[in-house]
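Protein chains in written order, with my numbering: chain A, 5 to 343; chain B, 1499 to 1777.
Cβ coordinates follow ideal geometry from the N, Cα and C atoms, glycine included.
Everything numeric in this text was worked out from a predicted model, so none of it was measured.
As structure tokens, then:
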């Protein structure tokens, strides 16, 4: 199928009749995924958003329930968001990250209805990456600029129009709102050529990395590679696979709500006990835990690497700590030159 | 509407015992009896306690499941939530969700002598198993029960009623207590728990040792047990880490690839040795 770029605003506007529509928009010189009020708000020339769209399914701040409690009793009200949503323009790496988050929010024992209800009601319309950025390394972590994992539709940009790949029934349904035409043979060839010419230059070598991490917990390398880190947590807040959260009460006396907020393993408060004892007392232990979690612990538990190669942690780090160099150092090889 | 595992059930505080100057034991009963029926906790599990207006914290369930209809939590006043909890009164409403985590391997302990080694508030999680084993319905399935317990001072000894009026009077049950420094009114043993343990030198034969206490005590207790010939499989401990969700999602209670809230809190020494030392 084909949809022209000119028709995208109309497509998004018609989707808004049945869905809350999220799309990349410009905000303070950054690209962000926001709920749009008009189809023309969506921008189509963007690399990727500053913050991943995971927050649409797992908000940075969300109310779990409200309460009113006194000696007579208690009234609790659960807040589940079951609105139908479309995320338009999600990149394949971010769509893949949602598959990883699914493992967490639906683990062996417990389901998280807040995330899972949104997940079930959300349609992912991806746009492939014709020009991956210099910090992208998706092809090194089992992804790719046109990877279809988790997507319902994939749009391939061939100039003034998109070739649409319908991947699921959910995708098929939203496409009925679009003014589509059949793709010609030339369109299909153009899409194939576009996919071929998109190159991800940057690479990390994961061969044998897990085995190294299985045995290098006490290695001296953790002292040196963590030295530069200032523990600001920009990497975790901009990571599409990070899922750690805090739960706090926002209340006046016993009338209020319980809220969960994104939290970060890079903060000392994350693990400190009431007694003052901290199992991960310094930046070294916290940095090591983050790397281990992404490239070892998550594999041990979920059989998948918890990194999609989006490069946001590299772009957003204020001290230029580059995960590609960290992993190369761990591998014991020369740090690769970063383009 | 989906049932969120993060929503607590409402309970009422029905009794409060002042254990020490900074530890209280709260007895709680769910407002809806059906919730207690479904709660089905096992010795060694934990729960998330809510003080509405302040928040939540993970607290071990100190009562045995053989105590039908009630839950007890012994809480040391150390942080924000525990301070708020200490200010509550009988009749106050709280929230409870759980039970979370694994439990003491009470099936594989059957037929064995049990040696409990506790320090300070560390006796709280052990108490759920002690009372389970000593309950008339289970007692004949276990051998001799020895409880070695110490605290900094007489005032810091928790569960004095259990130690000196209840457990010590039961057949085939021995209670040994110690405090760190001498006090005029104290006629018992004086010294640290690990040293007392070495003094008593209990044989490892047909025995399981279960220990919980401050990290420094646990460290030396484990060394002492090893010296006495206990194998790693014979030594069980229960860990406490900062937790928020209790359901393996919020990420903070991991030790390596294990989440203490779902894979723990109870671990054998051989399991502990296989983990990074981040506890």
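query	result
Between the Cα of residue 1547 (chain B) and the Cα atoms of B:1519, B:1598, B:1564, which residue gives the shortest distance?	B:1598
I'd like the list of long-range same chain contacts for residue 251 (chain A), defined as Cβ closer than 6 Å, with 5 residues on each side in sequence excluded.	264
So with Cβ pairs under 8 Å, would you call residue 1752 (chain B) a contact of chain A?	yes
For residue 1754 (chain B) and residue 10 (chain A), what's the separation of their Cα atoms in angstroms?	51 Å
If you follow the beta strand (DSSP E) that residue 264 (chain A) is part of, which residue opens it and which one closes it?	259-266
Can you pull the chain B neighbours of residue 260 (chain A), defined as C-beta to C-beta under 9 Å?	1550, 1551
Between the C-alpha atoms of residue 1560 (chain B) and residue 1626 (chain B), what's the straight-line distance to the nearest angstrom?	5 Å
Counting only the same chain and skipping the five closest in sequence on each side, list residues whose C-beta sits under 6 Å from that of residue 139 (chain A).	315, 318, 319
Any residues in the segment 75-87 of chain A with a beta carbon nearer than 8 Å to a beta carbon of chain B? Which ones, in chain order?	75, 77, 78, 80, 82, 84
Where do the ends of the alpha helix (DSSP H) carrying residue 241 (chain A) lie?	238-241
When the Cβ atoms of the segment 1733-1751 of chain B are set against those of the segment 1574-1582 of chain B, are three or more pairs found closer than 8 Å?	no
Indicate whether at least one CB of chain B lies closer than 8 Å to the CB of residue 210 (chain A).	no
Buried or exposed: residue 47 (chain A), going by 16 or more other Cβ atoms within 10 Å of its Cβ?	exposed
What do you get for residue 41 (chain A), buried or exposed, if any count of 16 or more other CB atoms within 10 angstroms of its CB means buried?	exposed
So for residue 1559 (chain B), helix, strand or coil by DSSP?	coil
Between residue 1508 (chain B) and chain A, is any beta-carbon pair separated by less than 8 Å?	yes
Just checking my contact of residue 43 (chain A) with residue 95 (chain A) at CB under 8 Å: how many whole Å lie between their CB atoms?	About 20 Å separates the two Cβ atoms, so there is no contact after all.
Drop a sphere of 10 angstroms on the beta-carbon of residue 1623 (chain B), count the other beta-carbons inside from all chains shown, and report buried for 16 or more, exposed for fewer.	buried
Does the segment 1759-1770 of chain B come close enough to the segment 296-312 of chain A to have 3 or more Cβ pairs within less than 8 Å?	no
List the residues that DSSP assigns as beta-bridge partners of residue 1595 (chain B).	B:1546
Residue 1563 (chain B) CB to nearest chain A CB: under 8 Å?	no
In terms of DSSP beta bridges, what is residue 38 (chain A) paired with?	A:27
Determine the DSSP secondary structure at residue 110 (chain A), reduced to helix, strand or coil.	strand
Determine which residues of the segment 1731-1750 of chain B have a Cβ less than 8 Å from any Cβ of chain A, and write them out in chain order.	1738, 1739, 1740, 1742, 1743, 1745, 1746, 1747, 1748, 1749, 1750
Is there contact here, the segment 210-229 of chain A with the segment 18-37 of chain A, by at least three beta-carbon pairs under 8 Å?	no
If you count every other CB in all the chains shown that lies within 10 Å of the CB of residue 256 (chain A), and 16 or more means buried, which is it?	exposed
By Cβ distance, which residues of its chain are closer than 7 Å to residue 181 (chain A), with the 5 residues on each side in sequence left out?	15, 18, 19
Does residue 1500 (chain B) get closer than 8 Å to chain A when you measure Cβ to Cβ?	In this prediction, residue 1500 (chain B) has a pLDDT of 46, which is less than 50 and means its spatial position is unreliable; what the coordinates show is noted afterwards. Yes, its Cβ sits closer than 8 Å to a Cβ of chain A.
Taking a contact to mean a Cβ-Cβ separation below 8 Å, would you say residue 1691 (chain B) touches residue 1679 (chain B) in this structure?	no
Going by DSSP, name the residue or residues bridged to residue 1710 (chain B).	B:1616
Tell me the rounded alpha-carbon separation between residue 194 (chain A) and residue 305 (chain A).	41 Å
Assess, as a yes-or-no matter, whether the segment 60-69 of chain A is touched by the segment 78-96 of chain A under the definition of 3 or more beta carbon pairs within less than 8 Å.	yes
Contact criterion: CB-CB distance below 8 Å. Does residue 295 (chain A) meet it with respect to chain B?	no
To the nearest whole angstrom, what separates the beta carbons of residue 1610 (chain B) and residue 1589 (chain B), a pair I think is in contact under 8 Å?	Contact flag wrong, Cβ pair sits at about 42 Å.
Would you check if the segment 1612-1620 of chain B and the segment 1705-1719 of chain B touch, i.e. whether three or more CB-CB distances between them fall below 8 Å?	yes
Taking DSSP as the reference, what is the three-state secondary structure of residue 208 (chain A)?	coil
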